[in-house]
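Colleague: Please read through the structure below; I'll follow up with questions.
Protein chains in written order, with my numbering: chain A, 263 to 593; chain B, 25 to 303; chain C, -5 to 327.
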C-alpha cells in the first residue's frame, strides 16, 4: 500500500549504497596487495606458501601470473585485474584454485553466521524488551547479569566450556564437525544432522552479540517509552500490550538493525575462532589452515571475499532498515 | 569543580566499585608476578595433569607439568599491558582522526569517515590474523594488529562528539570572539568530549584483551611469552580429561574483562549521568 | 454561549498534583477548580512552569510518575474519574475526552501511516467497526480537519507532512470518537504564525459542530480574546484569576494578569518604546515564598501579601480573583 514512489526511492537508495561499496572493494584489494609486499621474503614464495615445498615450475608460473618480475605499478594493476576477474590464484597445498576453495567453504560459514545473527538479534531484542518493561524486577536483574557475563567472556573459551558441558558431560550434541561421518547424505535426516552440529557453535558465536543487542534494546525501549508519540497513543486509549507491540517495538528495534550491520564484520571474524574450536569446515578454518601453511595468497583471497560478504550483508541490512523505517530512503 | 560529584556518583554504584576493586586485584597480581612466582612460567616444575588444589600447586599443572598459577599471574601482565597500550594508542589515533574530521568538517570529514567505514567493512579479526601472519609473531605485532583493526569505531565516536559540540552555541561564540582553532579544541571541545572518550577507552581496554587472547589462542601470539590465550590453546588438547587447564585462564580473562566493563559502565554513569539514565 | 447552564462537561474541584522528588514533595498544581460547558472554550493561561500543562495531564490522568494527582475530584459528565482504574481510564481516553499536544513533529508515531494512527483510535473504542469502515471514517475525519487530498495523505507517514498538517492529523485522531471534552496543550506553539490561526479556527469550528467543551492551555493571552469564552490565569500552580474572557482582558483584576497583558507587544506601539517585561521569574516549586507566590514580583505588594496566601474572592458576574489588594479595591468600588 506504500505505493510505487516509496518502493522506487528504496531501490534508488540501495543502488546508491551498492555503488558506494565498489571503491571500498578496490581499496581492500589495494591494501591486500601492499600487505603481500610487506611480508618478508620473495613475493613468489610468500604467495606459494610453505616456502621450499613448491616446485620451481610452480614458482615460475606464479611469477608470470602476477607479473612479479615487472615494475611494482604493473604488478599492482595485474593483481587488481586478477582479483576483479575473480582470479584469486591457485593453492599449491590443496591443488585447487583459491576461488573454488573459498566458495566451497563459504556456505558453511554463511550458515553459521546466519544462524548466529538470527539467534542474537531475535533473543537480544526479546531480552532487551523484557529487561526494559520489567525494570525494577528480578527478571531484568538476571538478564542484565547474564549480559554482563556474556559480554566479558572470550567466545573461543566459552565454546570450549560448552563442549565440556553439553557435548562431553551431557552428550546432547556432537563435539565437532558439521556432519556425522558416515551419516545421512541428504534429505531431512541430513538437515537435522547438520542442525544438531550447528546448535553449539551458533549459540557460542551469538552470545556476545546477544548481550550487546539486549543492552541496546533495553536502552532503546526505555528511550522510546519517554517519547511524545507514546503519550499521544496513551491519550487515545491504546492499551499497554498494543502500545509496546504496535508502537514502541518497531521504533526501538531501529538501532539494533543499524548495529547488526556494523557487527556482521565482527561476527565473520568471530567465526574464525568458533570454527576452529568446533571443527566447523568453513572459511574461518580455511583461514586458520592457510595461516599455518603460510599460504598468504589464499588468506588474502579469504579476506577479500569476506569483505564482499560484509558489504552484501550490509546492503541486506539497509534493505531491512528501509522496510522498517520509511524515512531511510530519503536520507 | 566537576570531578568530586562525578567521583561520588561512581562510588554510589556497588557494581562499579566491585569492578574497580577486582581490577586493582588483577593489577596487583600482575605487578607482583616476579615476587610470587620468580621462576619462568614455561619451566616444568612438577607432574603434569595435576588438578587444582593438589599439593603444592594451587591451580594444578598443565599437560607438560608447568605451574598453572604461575602462568595466570604472569599472563595477567600480558593482558593488562596489551589492553592498556592498545587503548592508549587507539584513543590517541581516534582523537586525532575523529577530532580532525569532526572539527574541520567538509571534505576532510568525508574522506576520513570513508576511511573508517572501510576499516569497519573488513572483518576485523580476520584482518588482524592476516596482519600478524605477515609480521613475525611478537607482542608488538599483536599490538599493531589490534590497533589497526580497532581505531575506526573510536574515531567515529570522537568525530560525532566533536561535531556535535562544535555546533553548540558556546563553542560558536568562542569562535566568534576570535578564539583560535587550537584554543577552541583544547579549551571548549576536548574537555566536554572527554567523558565519552574516557568511557570508550575503557571499553577498548576490554576489547583489546579479548582480541589478544583470541589471537594467542590461535597460536599467533609471542610463543615465548606466557599469556592466558596461549594457556587456553595449550590446554585444549586435554579438554576431555582436564577441563581446568583451559577453564582457569578463561575465568581469569572473564574476570579481568568483567572488571574493566563494570568500571566503564560506572564511569559512564558518573561522568554522563543524563545520557546514562537511559541505559 | 458563555452563559451555559446545566451540568458542565468537565468540573474539576480542589485538584492537587504533586511530584515526589528526592528533595521532597513538589506541588505542581493545587486548589484548582474549573468548569467547562459544552460548546465552550476555557483558556488556562500561565507562563512556563506555572503548572498549566500538569493540569491538563492530570485531567486525562497521564501524569508520569513520580508525579501523581494527590487530591480533588475530576467530574466528567458528572462522574468522578479520579477513582477509576487504568483500564476504565483507557476506555475514556480517546472516546469521552481527548488531547492535542504541543509538538506535532514528535507526537505522531514516525513508523505508522497517519491514517492508521487515526483509525486506531476508532478501532480501539468501537468494537464492531470493520477496518474498511474505520478507513472510510478516517478519510471523513481528514476531510473534516481540512487535509487536502485525503485519499493520498491517509497512507503517508508523518515525515511526509508539514507541521500544520501533522497537527491536523493529531486533531483528527483526537476527534475520531467525537469526545465531549478536548484538551489542547499549547496546540499552536510549535507552528508558524499563519498556521497557528488556521489550527485554532479549526478547533473553534469543530467545537461548534461537535458541541465539545475545550480546555485551551496557552501562554499566549493574545489567543484568548479570539478563541476562548472564559479564561483562568494560573501562577505557581494556583488559579489567581478567572472570568469571562472579554471582562478579564478588558479589565484585569490580578496584578499578574495585568502584567501579562502589559507584556503583549502592541502592533500599534511606537517601535522605539521598550517592551514591558515582568521582573523576575516564576519561583521554582521548592522555593515558593510563604504568602502570595507573585508578591516578590508584584509592584502592588503589601506586607500582608508576604505572609497570607490569598483566597479566590468573587468580584463580579462569573469573576474571581486571588489577590488581597485587588479584592479590596473591587469591594470598595
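The C-beta atom is built at its ideal place from N, Cα and C for all residues, glycine as well.
With a cut-off of 8 Å, do at least 3 Cβ pairs link the stretch 244 to 258 of chain B to the stretch 267 to 276 of chain B?
Modeller: Yes: at least three Cβ pairs fall under 8 Å.
Colleague: Between the alpha carbons of residue 512/A and residue 48/B, how many angstroms are there, rounded?
Modeller: 42 Å
Colleague: Where residue 226/B and residue 185/B are concerned, what is the direct C-alpha to C-alpha distance, given to the nearest angstrom?
Modeller: 17 Å
Colleague: Leaving aside the five residues before and after residue 149/C along the sequence, list all residues of the same chain whose C-beta is less than 7 Å from its C-beta, in chain order.
Modeller: 107 and 109
Colleague: What does the alpha-carbon distance come out to for the pair residue 171/C and residue 255/C?
Modeller: Each residue's Cα considered, the two are about 37 Å apart.
Colleague: Flag this pair as yes or no: are the beta carbons of residue 565/A and residue 146/B separated by less than 9 Å?
Modeller: Yes, the pair counts as a contact, with Cβ atoms nearer than the cut-off.
Colleague: Comparing the C-beta of residue 499/A with each C-beta of chain C, is any distance below 9 Å?
Modeller: Between residue 499/A and chain C, the shortest Cβ-Cβ separation is below 9 Å.
Colleague: Ordered along the chain, which non-local residues of its own chain (more than five positions away) have a Cβ less than 6 Å from that of residue 5/C?
Modeller: Counting only Cβ-Cβ distances below 6 Å, and skipping sequence neighbours, we find 29 and 69.
Colleague: Confirm, please, whether the CB-CB distance from residue 223/B to residue 288/B is below 9 Å.
Modeller: When the beta-carbon positions are compared, residue 288/B and residue 223/B come within less than 9 Å of each other.
Colleague: Considering only heavy atoms of the ligand COA, does any lie closer than 8 Å to the CB of residue 459/A?
Modeller: Among the ligands in the structure shown, none appear at all, so the ligand COA cannot be discussed.
Colleague: So what's residue 279/C in DSSP terms, helix, strand or just coil?
Modeller: helix
Colleague: Using the three-state DSSP reduction, which class does residue 25/C fall into: helix, strand or coil?
Modeller: strand
Colleague: Three or more beta-carbon pairs under 8 Å between the stretch 137 to 153 of chain B and the stretch 283 to 296 of chain A, yes or no?
Modeller: yes
Colleague: Could you check whether the Cβ of residue 87/C sits closer than 9 Å to any Cβ belonging to chain A?
Modeller: yes
Colleague: Among 373/A, 372/A and 350/A, whose alpha-carbon lies nearest the alpha-carbon of residue 363/A?
Modeller: 350/A
Colleague: Take residue 247/B as the anchor and find which of 163/B, 101/B and 180/B has the nearest alpha-carbon.
Modeller: Of the candidates 163/B, 101/B and 180/B, the one whose C-alpha sits nearest the C-alpha of residue 247/B is 163/B.
Colleague: Using a Cβ-Cβ cut-off of 6 Å (strictly less than) and excluding sequence neighbours within five positions of residue 227/C, which residues of its own chain qualify?
Modeller: 39, 234, 235 and 251
Colleague: Using 8 Å for Cβ pairs, my map puts residue 88/B next to residue 81/B. What's the rounded Cβ distance?
Modeller: Not confirmed; about 13 Å, so no contact.
Colleague: I'd like the list of long-range same chain contacts for residue 176/B, defined as Cβ closer than 7 Å, with 5 residues on each side in sequence excluded.
Modeller: 140, 143 and 144
Colleague: Per DSSP, what kind of secondary structure is residue 156/C in: helix, strand or coil?
Modeller: coil
Colleague: Which of helix, strand or coil does DSSP assign to residue 178/C?
Modeller: strand
Colleague: If you run the structure through DSSP and keep just helix, strand and coil, what is residue 314/C?
Modeller: For residue 314/C, the secondary structure class from DSSP, reduced to helix, strand or coil, is strand.
Colleague: Residues of the stretch 176 to 194 of chain C in Cβ contact with chain A at a cutoff of 9 Å, in chain order, please.
Modeller: 177
Colleague: Excluding sequence positions up to five away, which residues of its chain have a Cβ less than 7 Å from the Cβ of residue 283/C?
Modeller: 277, 289, 290 and 300
Colleague: Can you confirm whether residue 589/A, when its beta carbon is compared against all beta carbons of chain C, has any partner nearer than 9 Å?
Modeller: yes
Colleague: Just the chain B side, please: which residues come within less than 9 Å of residue 394/A by C-beta, in chain order?
Modeller: Going along chain B, no residue has its Cβ under 9 Å from residue 394/A, so there is no contact; the nearest lies around 10 Å.
Colleague: Quick check on the DSSP output: the beta strand (DSSP E) that includes residue 8/C runs from which residue to which?
Modeller: 4 to 15
Colleague: Could you name the residues of chain A that residue 100/C contacts, counting a contact when the two beta carbons are closer than 8 Å?
Modeller: 489, 490 and 491
Colleague: Could you tell me whether any Cβ in chain A is nearer than 9 Å to the Cβ of residue 175/B?
Modeller: no
Colleague: Roughly how many angstroms lie between the CA atoms of residue 446/A and residue 371/A, to the nearest whole one?
Modeller: Using only the alpha carbons, I get a separation of about 21 Å.
Colleague: Return helix, strand or coil for residue 295/B, following the three-state DSSP convention.
Modeller: helix
Colleague: Give the list of continuous alpha helix (DSSP H) stretches no shorter than 4 residues that lie fully inside the stretch 35 to 118 of chain B.
Modeller: 38 to 55 and 57 to 60
Colleague: If you draw a straight line from the alpha carbon of residue 287/C to that of residue 503/A, how long is it in whole angstroms?
Modeller: 43 Å
Colleague: So which residues on chain C does residue 387/A lean against when the C-beta distance must stay under 7 Å?
Modeller: Ordered by position in chain C, no residue passes the 7 Å Cβ test against residue 387/A, which lies about 15 Å from the chain.
Colleague: Over what stretch of residues does the alpha helix (DSSP H) that includes residue 305/C continue unbroken?
Modeller: Per DSSP, residue 305/C belongs to no alpha helix (DSSP H) and is neither H nor E.
Colleague: Grouping DSSP H, G and I as helix and E and B as strand, with all else coil, what is residue 62/C?
Modeller: Residue state for residue 62/C is assigned as strand, using DSSP reduced to three classes.
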